[in-house]
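Chemist: Shown below is the structure under consideration.
There are 2 protein chains.
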Amino acid sequence: MKVALDAMGGDHAPQINITGAIEALRDFPKLTHLYLVGEETALQKECAAQGLDLKNPRVSIVHAAEVIGMAEPGAKSVRRKKQSSISIAMDMVKEGTADAFVSAGNTGAAVAAATIKLRCLKGIDRAGIASPLPNEHGICNILDAGANPEAKPEHLVAYAVMGTAFARHVLGVAEPRVGLMSNGEEEEKGTTFTKETFKRLKDTPGINFIGNVEGHDLFETKLDIVLCDGFVGNIVLKSVEATAKAVSKWLKTEIKETPLRMAGAVLAQGAFKALKAKSSYETYGGSPLLGVNGVVIIAHGSSTGLAVRNAIRVAVETVEHKINPRIEEAMAELPSCAPVEMVKKALHID
Amino acid sequence: MKVALDAMGGDHAPQINITGAIEALRDFPKLTHLYLVGEETALQKECAAQGLDLKNPRVSIVHAAEVIGMAEPGAKSVRRKKQSSISIAMDMVKEGTADAFVSAGNTGAAVAAATIKLRCLKGIDRAGIASPLPNEHGICNILDAGANPEAKPEHLVAYAVMGTAFARHVLGVAEPRVGLMSNGEEEEKGTTFTKETFKRLKDTPGINFIGNVEGHDLFETKLDIVLCDGFVGNIVLKSVEATAKAVSKWLKTEIKETPLRMAGAVLAQGAFKALKAKSSYETYGGSPLLGVNGVVIIAHGSSTGLAVRNAIRVAVETVEHKINPRIEEAMAELPSCAPVEMVKKALHID
Chain L
124 MKVALDAMGG DHAPQINITG AIEALRDFPK LTHLYLVGEE TALQKECAAQ GLDLKNPRVS
184 IVHAAEVIGM AEPGAKSVRR KKQSSISIAM DMVKEGTADA FVSAGNTGAA VAAATIKLRC
244 LKGIDRAGIA SPLPNEHGIC NILDAGANPE AKPEHLVAYA VMGTAFARHV LGVAEPRVGL
304 MSNGEEEEKG TTFTKETFKR LKDTPGINFI GNVEGHDLFE TKLDIVLCDG FVGNIVLKSV
364 EATAKAVSKW LKTEIKETPL RMAGAVLAQG AFKALKAKSS YETYGGSPLL GVNGVVIIAH
424 GSSTGLAVRN AIRVAVETVE HKINPRIEEA MAELPSCAPV EMVKKALHID
Chain Z
124 MKVALDAMGG DHAPQINITG AIEALRDFPK LTHLYLVGEE TALQKECAAQ GLDLKNPRVS
184 IVHAAEVIGM AEPGAKSVRR KKQSSISIAM DMVKEGTADA FVSAGNTGAA VAAATIKLRC
244 LKGIDRAGIA SPLPNEHGIC NILDAGANPE AKPEHLVAYA VMGTAFARHV LGVAEPRVGL
304 MSNGEEEEKG TTFTKETFKR LKDTPGINFI GNVEGHDLFE TKLDIVLCDG FVGNIVLKSV
364 EATAKAVSKW LKTEIKETPL RMAGAVLAQG AFKALKAKSS YETYGGSPLL GVNGVVIIAH
424 GSSTGLAVRN AIRVAVETVE HKINPRIEEA MAELPSCAPV EMVKKALHID
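Top to bottom, those sequences are chains L and Z. Using the numbering used here, the first residue of the first sequence is number 124, and each one after it goes up by one. Using the numbering used here, the first residue of the second sequence is number 124, and each one after it goes up by one.
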């Protein structure tokens with residue numbers, strides 16, 4: 124079980140990656156080797172500062188001379204910067220040197236590198252990011268959270284199959300429930316795109332499709348996968364995170380208004396800490412990029428050490444449960460519905 | 124200043140509407156008459172129960188024999204139920220008996236009735252709902268929050284103009300800032316739809332377009348109007364509300380875990396109340412449907428009496444500032460860019 128970590132990825136790299144590496148090596152015995160991929164001198168310095176002993180046989184630095192910045196255009200940077208930490212680490216997964224790749228860096232670049240180097244699984248056209256949100260009944264994954272902004276209905280059908288495999292085999296949910304994000308619960312609500320997707324999902328075998336879902340379902344309904352295109356998924360995910368942050372910030376401001384409120388908050392602080400642990404992305408740490416021929420885990424750009432540690436945990440669990448062959452099997456079992464055949468059917472061509 | 128209230132609208136009608144009516148009549152002297160439109164016997168009974176004196180010359184019941192349910196299909200119900208409270212109240216605005224319409228009922232039906240009966244303003248193809256969210260610098264309006272799920276770029280340009288007029292003249296913002304909801308801040312981020320919209324917004328005179336915005340901007344950035352299609356807007360609005368509700372519910376659950384936390388929460392309760400007042404939709408109460416030839420205010424389906432009161436306040440303020448002629452003027456000043464002309468240009472036809 125070998126993981127390649129993009130040690131230069133994230134708003135606070137490399138510091139958070141080394142912190143996360145130390146915690147992962149301590150907490151996950153199944154992790155036999157962790158490759159820290161990035162600028163060698165910078166990483167040696169940070170390891171020394173945080174006390175990560177590079178003589179430990181379970182960890183090593185793989186030098187990468189370039190870094191793809193957080194705001195650089197994804198696909199272009201991957202093609203231009205062959206020596207970037209993302210490119211080199213992805214090559215290690217391609218060649219089998221590593222079993223999984225973890226990055227808190229530029230998401231667009233990680234998705235592009237994965238798609239270019241690892242290619243999609245058999246039967247899959249587009250990869251999708253499954254991002255976890257806390258839900259009263261477990262974890263609800265938004266799929267796709269941003270890999271494929273202009274998705275087609277057939278992509279969402281494939282996401283339903285991939286999400287079901289991930290929730291069942293990695294998260295241990297016996298019968299994963301799949302919903303379609305829409306602007307109303309009734310079947311007739313939505314756009315041309317969601318209505319067409321709804322029809323296809325109803326006819327897709329092997330998934331448990333519960334119909335259209337809305338905002339409140341993300342948190343209150345027993346729901347494992349929420350399907351949407353990457354544009355909507357990215358916006359929903361960021362809006363949810365921003366709301367939780369704003370509520371917490373405004374409550375803090377109000378508490379600081381009087382000494383009495385501050386005293387009360389000190390007494391109740393256990394509740395605030397428990398809420399933070401439940402609702403923070405740090406607890407979940409990583410979002411698998413489903414559909415590529417390898418294990419790729421995307422972590423939040425503003426990841427902390429704890430978030431990186433947990434992204435490595437998701438990588439270990441995903442490698443362990445080998446879902447990619449299962450996704451390929453499930454896709455092969457779907458009734459053939461290739462676009463060419465649909466056009467022929469629509470035009471009455473035999 | 125006469126307002127027609129859909130007294131049968133909302134999850135808790137007619138009770139909340141009568142409560143809201145009592146508070147509005149008490150608090151807004153500019154409101155010269157309030158028409159309670161709905162089933163006469165039910166309304167008389169509720170008025171008696173809550174002590175609203177129907178001998179008051181500022182209030183009267185207008186009988187409507189039918190009600191459009193919250194889950195009924197919008198446009199269809201309006202055509203079928205000619206005697207519904209929504210249809211009759213909208214007719215009153217059309218005929219000039221009332222200056223504005225307020226409803227916490229079926230949003231789809233209210234939008235359909237407004238579009239069918241009042242028609243769109245000159246230069247406007249599609250109406251849009253401007254829904255307010257609390258922002259650190261004021262109020263940020265999501266436009267469109269659900270009237271027009273499959274919008275075209277030209278609709279969003281018109282929303283930018285209408286939103287600017289509303290924020291300037293009704294909300295009193297001198298230079299309203301307009302953002303475009305996208306999956307990244309850079310100009311090249313987004314879909315074909317948002318990229319085309321971005322280009323047109325850059326060239327639209329009379330608006331202050333600040334570029335693409337994301338979830339965190341809703342709360343942290345000085346921003347008055349966030350443009351999106353009605354599908355995305357509706358999902359964002361519901362997701363934001365659901366997140367705030369989930370955070371508050373989970374915090375309550377954690378507080379109830381120990382007596383110490385509960386004691387702390389009692390001491391800090393002023394902070395919770397202040398946060399609720401700042402963040403609740405009840406405080407804002409109503410979302411104007413911009414673009415129709417009349418004043419129509421949409422209130423939340425789960426409105427309380429306070430929310431209805433505040434929706435009536437928004438109606439009074441919107442009527443007072445007469446923004447519709449200003450919207451028509453602004454639209455007339457836009458450089459002509461009708462679809463037919465664009466096609467001709469693209470095909471090099473003179």
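Beta carbons are placed, not taken as given, at the ideal position from N, Cα and C, and that holds for glycine. Bear in mind that the values here come from a model prediction, so they are computed numbers and not experimental data.
1. When DSSP labels each residue in this structure, what does residue 214(Z) get in the three-state scheme?
2. For the 8 Å Cβ check, are there 3 or more pairs between the segment 330 to 344 of chain L and the segment 243 to 253 of chain L?
3. In whole angstroms, what is the alpha-carbon distance linking residue 451(Z) and residue 244(Z)?
4. Given 8 Å as the limit, is there contact between the segment 292 to 303 of chain Z and the segment 437 to 453 of chain Z, that is, 3 or more CB pairs closer than that?
5. Whole angstroms is fine: what's the gap from residue 325(L)'s alpha carbon to residue 413(Z)'s?
6. If I follow the unbroken beta strand (DSSP E) through residue 257(Z), where does it start and stop?
7. Listing by chain order, which chain Z residues have their CB less than 7 Å from the CB of residue 478(L)?
8. Please list the partners that residue 269(Z) has in chain L, where partner means a Cβ-to-Cβ separation under 8 Å.
9. Assuming residue 231(L) and residue 197(L) are in contact, meaning their beta carbons sit under 8 Å apart, how far apart are those beta carbons, in whole angstroms?
10. For residue 208(L), does the count of other Cβ atoms within 10 angstroms reach 16, so buried, or fall short, so exposed?
11. If we count Cβ pairs, one from each stretch, closer than 8 Å, do we get three or more for the segment 347 to 362 of chain Z versus the segment 262 to 269 of chain Z?
12. 8 Å is my cut-off, CB to CB: does residue 366(Z) come that close to chain L?
13. Leaving aside the five residues before and after residue 463(L) along the sequence, list all residues of the same chain whose C-beta is less than 7 Å from its C-beta, in chain order.
14. What residues in the segment 325 to 351 of chain L bring their beta carbon closer than 7 Å to a beta carbon of chain Z?
15. Which of the three DSSP states is assigned to residue 261(L) in this structure?
16. Comparing C-alpha positions only, which one of 146(L), 125(L), 431(L) sits nearest to residue 153(L)?
17. Return the chain-ordered list of same chain residues with a C-beta closer than 8 Å to the C-beta of residue 308(Z), the five sequence neighbours on each side being excluded.
18. Are at least three pairs of beta-carbons, each pair with one atom in the segment 414 to 425 of chain Z and one in the segment 232 to 242 of chain Z, less than 8 Å apart?
19. State the DSSP-derived secondary structure class of residue 308(Z), mapped to helix, strand or coil.
20. What number of angstroms, rounded off, separates the C-alpha of residue 258(L) from the C-alpha of residue 409(L)?
21. Would you mind sorting residue 357(L) into buried or exposed? The rule is 16 or more other CB atoms within 10 Å of its CB.
22. Using a Cβ cut-off of 8 Å, pull out every chain L residue sitting near residue 544(Z), in sequence order please.
23. Taking Cβ-Cβ distances shorter than 8 Å, what residues in chain L pair up with residue 272(Z)?
24. Measuring alpha carbon to alpha carbon, tell me which residue in 392(Z), 183(Z), 193(Z) is nearest residue 371(Z).
25. Taking the alpha-carbon positions, what's the residue 149(L) to residue 206(L) distance?
26. DSSP three-state label for residue 293(L), please.
27. Does the segment 308 to 319 of chain Z come close enough to the segment 360 to 371 of chain Z to have 3 or more Cβ pairs within less than 8 Å?
28. Just to make sure I have the definition right: I need the residues of chain Z whose C-beta is within less than 8 Å of the C-beta of residue 104(L). Which are they?
29. CB-CB under 8 Å to residue 217(Z), same chain, minus the five flanking residues each way: which ones, in chain order?
30. Taking the straight line between their C-alpha atoms, what separation do you get for residue 421(L) and residue 139(L)?
31. Anything in the segment 184 to 213 of chain Z with a Cβ closer than 9 Å to a Cβ of chain C? List those residues in chain order, please.
32. Give the secondary structure of residue 204(L) by DSSP, where H, G and I count as helix, E and B as strand, and everything else as coil.
33. Who are the neighbours of residue 377(L) on chain Z, taking C-beta pairs under 7 Å?
34. Using CA coordinates, which residue listed in 151(Z), 156(Z), 168(Z), 155(Z) is at the minimum distance from residue 136(Z)?
35. Determine whether the Cβ of residue 233(L) lies closer than 8 Å to any Cβ atom of chain Z.
36. Listed in chain order, which residues of the segment 399 to 432 of chain Z have Cβ atoms closer than 7 Å to some Cβ of chain L?
Modeler: Taking the structure as given:
1. helix
2. no
3. 7 Å
4. yes
5. 37 Å
6. 251 to 258
7. Residue numbering for chain L in the displayed model covers 124 to 473; residue 478(L) lies beyond these limits and cannot be assessed.
8. 306
9. 2 Å
10. buried
11. yes
12. yes
13. With a pLDDT of only 48 at residue 463(L), under the threshold of 50, the placement of this residue in the model should not be trusted; the figure read from the coordinates follows. Nothing meets the Cβ criterion.
14. 337, 338, 339, 341, 342
15. strand
16. 125(L)
17. 334, 335, 336, 337
18. yes
19. coil
20. 16 Å
21. buried
22. No answer is possible for residue 544(Z): the residues shown for chain Z start at 124 and end at 473.
23. 306, 313, 314
24. 392(Z)
25. 30 Å
26. coil
27. no
28. Nothing can be reported for residue 104(L): it is not among the residues displayed for chain L, which extend from 124 to 473.
29. 240, 241, 417
30. 15 Å
31. Reference to chain C is not applicable here, since the protein chains of this structure are L and Z.
32. coil
33. 394, 397, 398
34. 168(Z)
35. no
36. 401, 402
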